[in-house]
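Let me begin by presenting the structure, written as structure tokens, before commenting on it.
As structure tokens, this is what we get:
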């Protein structure tokens, strides 16, 4: 019997549009799922670009008006992969139209937007998911499993960094990601959000935070063309950078654990170091997204003379997700975290269950982002 | 104007069938090429299995008789991804039928088979390619570029290992890869072949070899079902292992460089360590397939006080192939080496040029494999 | 002509006494200096122990009354290597007696003590030095040189951790290092002090801090015998832990750089990870005391395609201190940082110059420790 | 009661003289042994240099005639640390004089010399030891212990390299280490000898070898002054390099294990990489002298999902030798391997037992070196 097909309408076709499209294209190739994705429509404002994206990425249709896509009765899932300032409007409309809403992170540009979005999906009883894709790396899911099984014992420390260097050059242009009205926030919302998700996923909720946001380069050449990270070109005119370049904060977890978080786009040499270390009473783990197929693990249960951090290659068939791909140590990459996320989201949608992560995670993440921002402004600890 | 489509007929649907299928499915998604692949037909003897593979992997048709596929006038390319004992027959038939022939490595089970295959493609003037996919990792292609640009200077040393451990357990069953009549050889042809390809690709031809093949476990439980690496189950009956477990040899290159090669399936803890180090007069490089997005590089031109092996993340848009995928340090995986290879092969086919690597590489590789085997038997150096 | 000999009186014979003794014994063996150390007297309260230490470590005399040593006219240098609660009294007496005073860190148990000590050495015009020995690792001194030469450009980020795990077990006994009246503080003063010294040494002064001290295990078995880290044995009776187990804080540097600091004795698996990363506009460096012969360096000046963190082995004859020891990559260890420090201190004493680091560094370090403690109490940022 | 003192006469004062002197100076400081070393006399031909060495290194006397030292009735131990062409004469004379003979490796410049030396110490019934110091790194001794306890199971593979780059520059001068009449052999005897010792120590005796020695640069500028590695200066005149630059060979062990060995002074970027990997049926280990405080270990007994190579820091008090030095992860260095060796040798001498390693090891090592040389000449396998 043919499996049920879910029609997706994807709003956005840039970097995230490419990653999500690939996930939809591949998910049923690698996973044996009870349902199937159909790549129904991709949507963007620029017809020339979106039609090209549709062909490149393998979508059946393209559209330039997201409202039409949202209203299209054939569409089951609206995937919101646009810049942050448009998330709320699209997601709320989709929820009202009864669609499943799957949204890039951070879900809103403000906490209020996130709240409105969460309210909308809950009020309309629709399925919702958020693309905190790094959870879905096999090594991170393995970390979760290990913690749930008690292998780390009581957690004492979480320390996470997300370090990049793509704007360390003061002449790098003022792209949309550096403009608060479009991007919502800078490093903080873009990449500190990922560390926060790792922390919440693995160590539970925070109880208080104290942090600092900072902008090193306050004016930059206006970009000749507003494009994604990779495509911008500089011009002579200068404009104000209205977001943070770096974000750092201390935290307490409800469990009693302590946390240190730092994100920066000025860490020269660090291209995409999304990394964390967790120390518990029974063991510790270390993860680095740049070597995402590996998880370092120290077990306090090992004989003292024979103990040390070991590098688990999270590529065994018995590791989360890994068995769907290739033999052991034939590694997977960045794009597979999206495939894994879509597989999980699709199954939960099909089975009428909540996705994980979903808008609650998106909202809780944003509560923390917001609290850190307020902490930075008030120079004080903020209780969550 | 629509691009020309090339119809592929893929013979084989197991591990390599899955990897090749993925490459055909993805190549035009990530690469902007002058031509397109159409996944026309996948072929295997077991109809239930092959029909399922066709659906899973995205093929338009399936077939159970490879001869029919080879004779099908719609087919442009025959991809041979079956066990080694069937390569020659299929490839030669395909060449005679005027098809492009793309073949898994090692191309034949014997040197004679490889010779016959090379003769066939040359005699029939058809396009030919061999799946030495590891060349196509961005980091390995970067290594090639660096050597061509002289960054390593004169090469003094190549040392390569390919270490796995999947048969270290003496109770692991007697799968087809351990039977000479099917697999041709063991570790030697399966994975030493990859080191040889890296060596030839980066350092040129060998002039002589001296080596040793060894089988540690000479009898194993007969597999309940002859399946791929992953799927075999053991039974009570014992059978003879007729291939080598480990292969090691010394070599001289025509350039005057020295080489050390070692491959084993008994290196406990090494899951897929396909790694090499090359030392030249100006610098050195180190590569490990398990961290395939990285290339270690030492430059003798650096100030002495500031020199050291650096880890290049071969994920910049300016690195070979990498710009087709994701932003810097958003890594790719094993499967992408096949996509890159298919992209190159397709372009060369479309442009009427020789593919690289092709059957000449397959044959030369096999000459070396064969010479090492003879060296092991005669306990002497063999000139190539 | 015979070199001038400086007679040392060492107060303390435990862990630090052993390390300092070794430095005095070895310094003139490895360094060709204008003056010499004579190991005159070692002093401790327990005669049996100190006499044994004198013999083991190579001291000419031993004593049980530190006041007699301080007053001994033959003694040129008083080295204070006792627990922190006795530093101030001994050091001030030594300063008044006109001796050079070389003291373990942190120099006092309170900021006031540190102030009094600094005042005393300055008022009496005596030579003073503090044992922030990690500065003297060749790799750290190389880092300093690189920063001074501008190789890192403008510094944006300092992130330092000092992670140990020796009290993660809640049954580990209440040794003196866990008692505020003896040790002054816990993790904070013991090991966060080292990160602070690295930060000040390499990136200059801090302008403000915001931090948190925390004690995970608030009661522990009373140690059967108050001994050094290694020697304590537990008993049935419980006592209060009066110091912090973990310390973490954010900071701004006067230069505009940002800092994140974390120290813990609960980082299971981390035995002695004293590590920092510094990101500047032209490059970055990473150091880990556990691999103290190495310095990781990323240069933004490298060709983009060939850039990456390189591992400099700071063992070349041209690297700081390294030429005094062994050929390149024949590594040195922990004890050599003390030898290097003593060599520098001896030369500065002989030449009538200020040592580096000295009590000003000790005092400034303690100002920061103190500010973090107050920040933790007041839950606010503290300006320095 | 005073411990018995053993008077040492050290012949040679260059690199090895410095390392041995340090070991004698430090051994009773760090180890609590039943006997003591007294640094009686150091001997060299150049009085100005040797007198300076005596003062620097801490010897009571110096001498310029080694025969007088050998004949001196006060001397208990003759340590032979001169270039290889003088070992045999000195060691045999010392044996005849009834002294304990401790000798640098390789013990002789030829197999015959080594045989004569072994015969001499055995015939005269004197204590003998050889400075294969790398055995005495805590991590290597731990490896030995682990293998003896069966943690690696049956050994299948040994692969060792010793890579340096100090003569990769063709203008590096013709120092004594490049002259066969002084050094005996080149890379082969100097550093391949160390790999061989590691292999024998950990995996037992070899049964056959097949190898190749090669000289890349056949003429070099004659050194202005014949000095140790570090001190030579080049001149205009060219001379013949009469030793090998690189050595590589395959081997079988008596146990059935296979071995691959490679040593080179042309591995640009490798400063002192003395490294090996051993794969057994139950686990594997990896060692690299440049990170000599660490031992990588993979245990096949770990749960499959949690297995990986772990980095043991061989610095616990419970690890071999480590408890004599510093707390965990406060690392030791190159020089400590000599201290450990001397401690062991002294104890065995005092207790009337055979040292390990001793001249039997020196001779067996040289048998292998010699067999590889013959194999290289005859282009064939040589049985041992």
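Chains as they are written, first to last, in my numbering: chain Y, 1 to 384; chain H, 1001 to 1384; chain S, 2001 to 2384; chain E, 3001 to 3384. Glycine residues also receive a C-beta, built at the ideal position from the N, C-alpha and C atoms. Quick caveat, the model's predicted, so the values are computed rather than measured.
Using a Cβ-Cβ cut-off of 7 angstroms (strictly less than) and excluding sequence neighbours within five positions of residue i, which residues of its own chain qualify?
{"i": "residue 2201 of chain S", "result": "2135 and 2144"}
{"i": "residue 3214 of chain E", "result": "3244, 3245 and 3246"}
{"i": "residue 322 of chain Y", "result": "138, 314, 315 and 316"}
{"i": "residue 3204 of chain E", "result": "3253, 3254 and 3255"}
Tell me which residues share the same chain as residue i and place their Cβ nearer than 6 angstroms to its Cβ, disregarding the 5 neighbours each side in the sequence.
{"i": "residue 3195 of chain E", "result": "3160, 3162 and 3261"}
{"i": "residue 1227 of chain H", "result": "Bear in mind that a pLDDT of 48 at residue 1227 of chain H, under 50, signals an unreliable position, so the number given afterwards is only what the model happens to contain. Cβ within range, chain order: n/a, list empty."}
{"i": "residue 324 of chain Y", "result": "30 and 31"}
{"i": "residue 184 of chain Y", "result": "84 and 109"}
{"i": "residue 1094 of chain H", "result": "1070, 1078 and 1101"}
{"i": "residue 2118 of chain S", "result": "2359 and 2363"}
Please check the pair residue i and residue j, which I expect to be a contact at CB under 8 angstroms, by giving their CB distance rounded to whole angstroms.
{"i": "residue 369 of chain Y", "j": "residue 189 of chain Y", "result": "6 angstroms"}
{"i": "residue 3243 of chain E", "j": "residue 3180 of chain E", "result": "5 angstroms"}
{"i": "residue 1218 of chain H", "j": "residue 1241 of chain H", "result": "6 angstroms"}
{"i": "residue 3049 of chain E", "j": "residue 3084 of chain E", "result": "At roughly 20 angstroms, the Cβ-Cβ gap does not stay under 8 angstroms, so residue 3049 of chain E and residue 3084 of chain E are not in contact."}
{"i": "residue 3315 of chain E", "j": "residue 3293 of chain E", "result": "6 angstroms"}
{"i": "residue 3309 of chain E", "j": "residue 3296 of chain E", "result": "5 angstroms"}
{"i": "residue 3197 of chain E", "j": "residue 3358 of chain E", "result": "Going by Cβ atoms, the distance from residue 3197 of chain E to residue 3358 of chain E rounds to 12 angstroms, so no, they are not a contact pair."}
{"i": "residue 1361 of chain H", "j": "residue 1132 of chain H", "result": "6 angstroms"}
{"i": "residue 1152 of chain H", "j": "residue 1278 of chain H", "result": "6 angstroms"}
Whose C-beta lies closer than 8 angstroms to the C-beta of residue i among residues of the same chain, with five residues either side of it excluded?
{"i": "residue 75 of chain Y", "result": "7, 8, 9, 40, 41, 69 and 99"}
{"i": "residue 46 of chain Y", "result": "64"}
{"i": "residue 3381 of chain E", "result": "3208, 3209, 3210 and 3375"}
{"i": "residue 1266 of chain H", "result": "1165, 1167, 1168, 1216, 1245 and 1246"}
Could you work out which residue in the options is closest to residue i when comparing CA atoms only?
{"i": "residue 1275 of chain H", "options": "H:1283, H:1263 and H:1281", "result": "H:1263"}
{"i": "residue 1374 of chain H", "options": "H:1122, H:1247, H:1032 and H:1153", "result": "H:1247"}
{"i": "residue 1341 of chain H", "options": "H:1329, H:1005, H:1027 and H:1284", "result": "H:1027"}
{"i": "residue 123 of chain Y", "options": "Y:300, Y:91, Y:105 and Y:191", "result": "Y:91"}
{"i": "residue 3206 of chain E", "options": "E:3327, E:3367 and E:3237", "result": "E:3367"}
{"i": "residue 2158 of chain S", "options": "S:2097, S:2284, S:2302 and S:2186", "result": "S:2284"}
{"i": "residue 2164 of chain S", "options": "E:3355, E:3344 and E:3330", "result": "E:3330"}
{"i": "residue 2073 of chain S", "options": "S:2054, S:2103 and S:2096", "result": "S:2096"}
{"i": "residue 1220 of chain H", "options": "H:1302, H:1174, H:1067 and H:1279", "result": "H:1174"}
In terms of residues, what are the limits of the beta strand (DSSP E) holding residue i?
{"i": "residue 1334 of chain H", "result": "Residue 1334 of chain H -> not in any beta strand (DSSP E); alpha helix (DSSP H) instead, spanning 1334 to 1350."}
{"i": "residue 2079 of chain S", "result": "2077 to 2080"}
{"i": "residue 313 of chain Y", "result": "308 to 313"}
{"i": "residue 2039 of chain S", "result": "2035 to 2043"}
{"i": "residue 1287 of chain H", "result": "1283 to 1288"}
Since residue i is in the alpha helix (DSSP H), which residue starts that stretch and which ends it?
{"i": "residue 1363 of chain H", "result": "1359 to 1378"}
{"i": "residue 3146 of chain E", "result": "3138 to 3148"}
Is residue i near the ligand SAM, judged by its Cβ being under 7 angstroms from some heavy atom?
{"i": "residue 2041 of chain S", "result": "Summarising the ligand content, the structure contains no ligands, and the ligand SAM is consequently not present."}
| Is it true that the segment 1348 to 1357 of chain H meets the segment 1124 to 1132 of chain H, where meeting means three or more beta-carbon pairs spaced less than 8 angstroms apart? | A contact is defined here as three or more CB-CB pairs under 8 angstroms, and the segment 1348 to 1357 of chain H meets this definition with respect to the segment 1124 to 1132 of chain H.
| With contact counted as at least three CB pairs below 8 angstroms, one residue from each stretch, are the segment 1053 to 1065 of chain H and the segment 1075 to 1083 of chain H in contact? | Counting Cβ pairs under 8 angstroms, fewer than three are found: no touch.
| query | Per the contact definition of three or more C-beta pairs closer than 8 angstroms, is the segment 2325 to 2338 of chain S in contact with the segment 2019 to 2026 of chain S? | reply | Yes, the segment 2019 to 2026 of chain S is in contact with the segment 2325 to 2338 of chain S.
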